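One structure below.
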Amino acid sequence: MGYPKERTAAIFREIADYVEQWASPLDWEAISNTPISARELIMRFPRLSNILPLYFGQDGAAVSDDMQDASTEEGIRMYIDETHPGCPWNLPAAVAECHEALALFHTEDQLDRFFCGAGMHGGSGSDDFTDFLPLFARLCSEHMREFHSPMWEPR
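Below, the structure is given as structure tokens:
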């Protein structure tokens, strides 16, 4: 049974030729032309998908009756205070998500439609997302510089 040894190389070449005809899973042109679903986008923002609804969405902690006269900055500081001392494990990633959102969504309308709808149900307090996200990132970064030493030091 089986093929003679002298046919082995030819069989492998036939298999390789056949496999090369498959659509590659890393076909970047096809991938870049495929629209991203809302579900895929939500997975890119795991921290913001929790922070925005809980703190800045409808009935969120930072916009609740107790905080109705508070500024957006005070609401962000409340989130930071409640995260402390676990900030080094939470804030840097949240800052990165803010910048990623600003890179992916180019207008206030796009940001608002995604973060207030599309399964996120978040909010940005009384500010536009184009103002809120940079402010959130800046305040988190300032907190890290002021209260948390660098996590890594070169030798």
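Residue numbering for the sequence shown follows our numbering, beginning at 240 and increasing consecutively.
Cβ atoms here follow ideal geometry from the backbone N, Cα and C, with glycine treated the same way.
All figures in this text were calculated on a predicted structure; none of them were measured in a lab.
Contact check for M359 against S276 fails: the beta carbons are separated by 8 Å or more. Burial check for I315: the Cβ neighbour count within 10 Å reaches 16 or more, so the residue is buried.
In its chain, beyond the 5 residues on either side, L280, F344, M359 have a beta carbon closer than 7 Å to the beta carbon of F353. Ranked by how close their Cα comes to the Cα of V334, the residues L350, S363, L378 have L378 in first place. A residue is called buried once 16 or more other Cβ atoms fall within 10 Å of its Cβ, and G356, having fewer, is exposed. Less than 8 Å divides the Cβ of T311 from the Cβ of L374. Going by C-alpha positions, Q260 is about 10 Å away from I254. Taking E336 as the centre and dropping the five residues before and after it, the same chain places the C-beta of F284, R286, L287 closer than 6 Å to its C-beta, in chain order.
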